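Residue numbers (full-length UniProt numbering): 1 to 76. Quick notes on the structure that follows.
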């Protein structure tokens with residue numbers, strides 16, 4: 001293994017090995033930007049859809065990513 005991690009199931013190993021790959025299999029249908037992880041594509045898609053699923057309970061401001069909400073909440 002490249003990173004030293006070991007896996008009991010070949011399927012999990014294969015999935016993990018993609019993390020070491022620079023291949024970008026997931027493409028945005030709107031702008032063509034490509035990603036190596038589906039999760040990153042889903043987050044990117046929010047730019048095009050306008051979805052902001054994370055709302056501040058103090059002021060109601062909404063964010064595309066949870067990290068941005070957590071960072072914002074520090075001001076309250």
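The C-beta atom is built at its ideal place from N, Cα and C for all residues, glycine as well. Here the structure is a predicted model, which is why all the values come from computation and not from measurement.
*C-alpha distance - residue 54 paired with residue 37, whole-angstrom precision*: As a working note, residue 54 is residue 54 in the chain shown. As a working note, residue 37 is residue 37 in the chain shown. Residue 54 and residue 37: Cα-Cα distance of roughly 21 Å.
*Mapping DSSP to helix, strand and coil, what is residue 45?*
In the chain shown, residue 45 corresponds to position 45, counting from 1. Of the three classes helix, strand and coil, the one that applies to residue 45 here is helix, per DSSP.
_My output table needs one value for residue 19: the three-state DSSP class, helix, strand or coil._
Translated into the one-based positions of the chain shown, residue 19 becomes position 19. Helix, per DSSP.
*asked:* I'd like the list of long-range same chain contacts for residue 59, defined as Cβ closer than 7 Å, with 5 residues on each side in sequence excluded.
replied: As a working note, residue 59 is residue 59 in the chain shown. If the five residues before and after residue 59 are omitted, its C-beta is found closer than 7 Å to no C-beta atom of its own chain.
_For residue 32 and residue 64, I'd like the C-alpha separation in whole angstroms._
Stepping through the chain shown from its first residue, residue 32 is reached at position 32. Stepping through the chain shown from its first residue, residue 64 is reached at position 64. Near 20 Å, if we compare the C-alpha coordinates of residue 64 and residue 32.
*CA-CA distance, residue 74 and residue 10?*
Here the question's residue 74 lines up with position 74 in the chain shown. Here the question's residue 10 lines up with position 10 in the chain shown. So the alpha carbons of these two residues sit roughly 42 Å apart.
*Specify the secondary structure class of residue 34 as computed by DSSP and reduced to three states.*
Looking up residue 34 in the chain shown gives position 34. Residue state, collapsed to three classes: strand.
*Is residue 35 closer than 7 Å to residue 41 when the C-beta atoms are compared?*
Position 41 of the chain shown, counted from the start, is the residue given in the question as residue 41. Position 35 of the chain shown, counted from the start, is the residue given in the question as residue 35. For the 7 Å CB-CB criterion, residue 41 and residue 35 form a contact.
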